Amino acid sequence: MSFKPLVFALSLALISACSQQTPTADSTPEAPPTADTAVEKTESLAPAIPGAQTFAENGVTAEIANWDQVQEFVQKQKGKVVVVDLWSTWCEPCIAEFPHLVELQKKYPEKVVCVSYNMNYDGSKDSPPESNKEELMEFYTKHNAEIINIISSTPDMDMYEKIDLASIPAAYVYGPDGKLAKRFDNEKQEYGKEGFTYDKHIIPYIDEMLKQPAESKE
């Protein structure tokens, strides 16, 4: 009896088995998404300010824009109360009140739009607005600031002159008609030495605004 056909048959069987165990291109598992991929997916979200440079991290976004662009955004929010909070990381009262701005948005997710307007940028060519990105994104993420976060592209001193404001913190409250209802600031010590707070002044003010009949808000 010849063993050649038997050996040949066994060889074919082995080759066939090996080929079945070798993964094909179609069966190769996809590589897990990298951090860059995750960021790209998040950054694909449309910015609140059309054309604005946008940064995103852990569900929190920030955009570079100027005051006029923010005013245009406010006018598109007719029917809702809009709060624009002017702040900076070097302003201790601003930092203390920031979490309450976020809380306000959570309290009225359908009726109020909260905007944080950061004024860290001082106009230095060596430190453009985006140079603060890492510090600010870390701050926004820490406070789960799922609101409209704007990084001002206008130097701080130019901003103070533009809106006739001596210092921050300051908060602009716009009614459902898009008009400025009240500006909270501490220039005239209207709120005492400690200044205004969200809990004592801004939130109660908005609570009252929202209690008004719909027709009186138009």
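Those letters in the sequence shown? Residues -24 to -1, 1 to 194, by mature numbering (1 follows the signal peptide of the UniProt record, and there is no 0).
Virtual Cβ for every residue (Gly too), placed ideally from N, Cα, C.
Predicted model, so just to flag it, every value in this text is computed and none were measured.
Rank the options by C-alpha distance to the C-alpha of residue i and give the top, closest one.
| i | options | result |
| --- | --- | --- |
| residue 91 | 117, 72, 57 and 155 | 57 |
| residue 154 | 112, 161, 39 and 88 | 88 |
| residue 158 | 101, 45 and 185 | 185 |
| residue 146 | 45, 71, 124 and 33 | 71 |
| residue 111 | 38, 47, 50 and 124 | 38 |
| residue 136 | 180, 163, 171 and 27 | 163 |
| residue 85 | 109, 61 and 124 | 124 |
| residue 179 | 61, 33, 46 and 32 | 61 |
| residue 69 | 171, 26, 181 and 114 | 171 |
In angstroms, rounded to a whole number, what distance separates the CA positions of residue i and residue j?
| i | j | result |
| --- | --- | --- |
| residue 167 | residue 74 | 18 Å |
| residue 237 | residue 169 | It is not possible to answer for residue 237, since the shown part of the chain is limited to -24 through 194. |
| residue 122 | residue 40 | 16 Å |
| residue 173 | residue 81 | 15 Å |
| residue 23 | residue 117 | 17 Å |
| residue 138 | residue 83 | 32 Å |
| residue 183 | residue 161 | 19 Å |
| residue 120 | residue 78 | 8 Å |
| residue 134 | residue 187 | 37 Å |
| residue 66 | residue 105 | 15 Å |
For residue i, I'd like the list of residues in its chain whose CB is within less than 6 Å of its CB, leaving aside the five on either flank, ordered along the chain.
| i | result |
| --- | --- |
| residue 99 | 131 |
Can residue i and residue j be called in contact, C-beta distance under 8 Å?
| i | j | result |
| --- | --- | --- |
| residue 156 | residue 150 | yes |
| residue 128 | residue 148 | no |
| residue 55 | residue 152 | yes |
| residue 64 | residue 42 | no |
| residue 25 | residue 45 | yes |
| residue 109 | residue 49 | no |
Using DSSP bridges, identify the partner residues of residue i.
| i | result |
| --- | --- |
| residue 58 | 89 and 150 |
| residue 94 | 63 and 127 |
| residue 156 | 150 |
Counting contacts by CB-CB distance shorter than 8 Å, is residue i in contact with chain C?
| i | result |
| --- | --- |
| residue 73 | You won't find chain C in this structure, because it holds only one protein chain. |
Please go through the same chain and pick out, in chain order, the residues whose beta-carbon is closer than 8 Å to the beta-carbon of residue i, but skip the five residues on each side of it.
| i | result |
| --- | --- |
| residue 175 | 76 |
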